[in-house]
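Colleague:
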Amino acid sequence: MKPDPSKLRQKQHEELSVELSQGNSLKKECEFTTVEEMIRFDAAQTEVPVEIAERLSASIQTEPKPPRTWWRRFFG
Amino acid sequence: MDSENTSAGARPHWDSDAFGGLYEQHSRCIYYLALRLLGNPTQAEDATHDVFLKAFRKIGQFRGDSDIRTWLYRIAINHCQNMLTAWHRRNIVSNADESLWETTPHRSDSPFRILETKELGERIQTTLDKLPEEYRLLLLLVANEKLTYEEIGEVTHQTADAIRGKLHRARKAFAAAFPKSTTTQS
């Protein structure tokens, strides 16, 4: 049994409408009144790579420990 | 990696937990500053790592007469400027004729409009790269709402009044250099 062409067209039209509406939402215009506002928005969107914290943690582990005070050495 | 003279005993109140809190609180603004000053994500990662490691080493020298945030900024700016000097990058635009920005027609009250926020970072970077280093730095610092003009002056060794004047010119320069194709100035 062949599908009804009119129903197929209707379905395709609905799918196209969904795609177009999604495309429009992606192209939503942003407006910034000042340079600072725009930079602030960009900064808020910028993620700090997690690798930095991992590297930093490893680096700190290799840092020399603070020397023990004389009374700690003496009394343990 | 920076190899400065450090005194391990000069951080009596410093431990890794406190450091973790400091990193959580300030890593984003330091990374973003490094990213936009250096214009390279990998170098910004290295710089952020080095800045916080330097902070860890030198926390004993922090006298507490200024906010620790401005202290971190000072370390970050020095570090990035050293990196830029070493690489001899952006020297041409750093010596740009500032009168060019003064005479460039624009409307400072016009909004910046963009269609794709994902490209915003690239456009900001492209524009910042065209500005003198001082303008670039001031715009990045003032965009941080938590820094007052006085604090920015402290970080950049200038008075608050000098900051105001330069910021005015920096904003004009940015507006003039922002890509025309992506800016609809009405």
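Line by line, the protein sequences are chains B and U.
Here our numbering is used: the first residue of the first sequence is 1092, the next is one more, and so on.
Here our numbering is used: the first residue of the second sequence is 16, the next is one more, and so on.
Glycine is no exception: its CB is placed at the ideal position from the N, C-alpha and C atoms.
Note that the structure is predicted; figures quoted are calculated from it, not measured.
#1: Buried or exposed: which applies to His183 of chain U, given that a residue is buried once 16 or more other Cβ atoms fall within 10 Å of its Cβ?
#2: Is there a Cβ from chain U that is less than 8 Å from the Cβ of Thr1153 of chain B?
#3: Please state whether DSSP places Leu60 of chain U in a helix, a strand or coil.
#4: Nearest to His90 of chain U by alpha carbon, out of U:Phe193, U:Leu153, U:Asp65 and U:Leu99?
#5: Ala101 of chain U to Thr163 of chain U, Cα distance in whole Å?
#6: From the DSSP output, in three-state form, read off Glu169 of chain U for me.
#7: When you compare the CB of His183 of chain U with every CB in chain D, is at least one pair closer than 8 Å?
#8: Do Thr85 of chain U and Glu160 of chain U have their beta-carbon atoms positioned less than 8 Å apart in this structure?
#9: Counting only the same chain and skipping the five closest in sequence on each side, list residues whose C-beta sits under 6 Å from that of Ala185 of chain U.
#10: Since Phe1132 of chain B is in the alpha helix (DSSP H), which residue starts that stretch and which ends it?
#11: State yes or no: is the C-beta of Lys1139 of chain B within less than 8 Å of the C-beta of Tyr88 of chain U?
#12: As a quick exercise: from U:Ile83, U:Ile139, U:Gln173 and U:Gln40, pick the residue whose alpha carbon is nearest that of Phe189 of chain U.
#13: With a CB to CB cut of under 8 Å and the five nearest residues on each side skipped, what residues in its chain are close to Phe1132 of chain B?
#14: How would you write the range of the beta strand (DSSP E) that Glu1122 of chain B sits in, first residue to last?
#15: Check the Cβ-Cβ distances between Ala158 of chain U and every residue of chain B, and say whether any is below 8 Å.
#16: Can a CB atom of chain U be found closer than 8 Å to the CB of Asn1115 of chain B?
#17: Determine the direct distance from the alpha carbon of Thr1153 of chain B to that of Lys181 of chain U, and round the result to whole angstroms.
#18: State the start and end residues of the unbroken alpha helix (DSSP H) segment that holds Gln76 of chain U.
#19: Check distances from the C-beta atoms of the region 61-81 of chain U to those of chain B and list, in chain order, the residues that come in under 8 Å.
#20: Near Pro56 of chain U, what residues of its chain come up, given a Cβ to Cβ distance below 8 Å and the 5 sequence neighbours on each side ignored?
#21: Exposed or buried, which one is Thr142 of chain U when buried takes at least 16 other CB atoms within 10 Å?
#22: Considering only C-alpha positions, which residue in the set U:Ile74, U:Phe77, U:Phe67 and U:Gln76 is nearest to Ala1149 of chain B?
#23: So is Pro194 of chain U buried or exposed if we call it buried at 16+ other beta carbons inside 10 Å?
#24: With a threshold of 16 other CB atoms inside 10 Å of the CB of His172 of chain U, please say whether the residue is buried or exposed.
Modeller: If we stick to the structure as given:
#1: Translated into positions along the second sequence, residue 183 of chain U becomes position 168. Classification for His183 of chain U: exposed.
#2: Working through the first sequence from its first residue, we reach residue 1153 of chain B at position 62. Taking 8 Å as the CB threshold, Thr1153 of chain B stays off the interface with chain U.
#3: The sequence position of residue 60 of chain U within the second sequence is 45, counting from 1. Note that residue 60 of chain U is Glu in the sequence shown here, rather than Leu. Three-state result, Glu60 of chain U: helix.
#4: For the purposes of this step, residue 90 of chain U is taken as residue 75 along the second sequence, with counting starting at 1. Sequence inspection shows Ile at residue 90 of chain U; the His mentioned does not correspond to that position. Closest by C-alpha distance to Ile90 of chain U, out of U:Phe193, U:Leu153, U:Asp65 and U:Leu99, is U:Asp65.
#5: Taking the second sequence and counting its residues from 1, the one referred to as residue 101 of chain U is at position 86. Taking the second sequence and counting its residues from 1, the one referred to as residue 163 of chain U is at position 148. Cα to Cα, Ala101 of chain U sits roughly 30 Å from Thr163 of chain U.
#6: Translated into the one-based positions of the second sequence, residue 169 of chain U becomes position 154. Residue state, collapsed to three classes: helix.
#7: The displayed structure is made up of protein chains B and U, and chain D is not among them.
#8: Here residue 160 of chain U is taken as the residue at index 145 of the second sequence, counted from 1. Here residue 85 of chain U is taken as the residue at index 70 of the second sequence, counted from 1. Not closer than 8 Å, so no.
#9: One-based indexing of the second sequence puts residue 185 of chain U at position 170. Taken in chain order, the residues that qualify are Tyr150, Leu153 and Leu154.
#10: Here residue 1132 of chain B refers to the residue found at position 41 of the first sequence. Its alpha helix (DSSP H) spans residues Val1126 to Gln1136.
#11: By 1-based counting over the first sequence, the position of residue 1139 of chain B is 48. By 1-based counting over the second sequence, the position of residue 88 of chain U is 73. According to the sequence as given, residue 1139 of chain B is Val; it is not Lys. 8 Å or more divides the Cβ of Val1139 of chain B from the Cβ of Tyr88 of chain U.
#12: As a working note, residue 189 of chain U is residue 174 in the second sequence. Closest by C-alpha distance to Phe189 of chain U, out of U:Ile83, U:Ile139, U:Gln173 and U:Gln40, is U:Ile139.
#13: Counted from its first residue, the first sequence places residue 1132 of chain B at position 41. Cβ neighbours of Phe1132 of chain B beyond the five flanking positions: Cys1121 and Phe1123.
#14: Here residue 1122 of chain B refers to the residue found at position 31 when the first sequence is read from its first residue. Counting along the chain, the beta strand (DSSP E) containing Glu1122 of chain B begins and ends at Cys1121 to Phe1123.
#15: In the second sequence, counting from the first residue as 1, residue 158 of chain U sits at position 143. At least one chain B Cβ lies under 8 Å of Ala158 of chain U.
#16: Numbered from 1 along the first sequence, position 24 holds the residue referred to as residue 1115 of chain B. The predicted position of Asn1115 of chain B is uncertain, since its pLDDT is 42 and thus under 50; no value can be drawn from it.
#17: The residue given as residue 181 of chain U occupies position 166 in the second sequence. The residue given as residue 1153 of chain B occupies position 62 in the first sequence. In a straight line, the C-alpha of Lys181 of chain U is about 43 Å away from that of Thr1153 of chain B.
#18: Translated into positions along the second sequence, residue 76 of chain U becomes position 61. From DSSP, Gln76 of chain U is part of no alpha helix (DSSP H); its letter is neither H nor E.
#19: Cβ contacts with chain B come from Thr63, His64, Phe67, Leu68, Phe71 and Arg72.
#20: Position 41 of the second sequence, counted from the start, is the residue given in the question as residue 56 of chain U. Only Leu50 meet the Cβ criterion.
#21: To locate residue 142 of chain U, count along the second sequence from 1; it is residue 127. Buried: at least 16 other Cβ atoms inside 10 Å.
#22: Within the first sequence, numbered from 1, the residue matching residue 1149 of chain B stands at position 58. It is U:Phe67 whose Cα lies nearest to the Cα of Ala1149 of chain B.
#23: Translated into the one-based positions of the second sequence, residue 194 of chain U becomes position 179. By the Cβ neighbour-count rule, Pro194 of chain U is exposed, with fewer than 16 other Cβ atoms within 10 Å of its own.
#24: In the second sequence, counting from the first residue as 1, residue 172 of chain U sits at position 157. By the neighbour-count rule (16 or more Cβ atoms within 10 Å), His172 of chain U is not buried but exposed.
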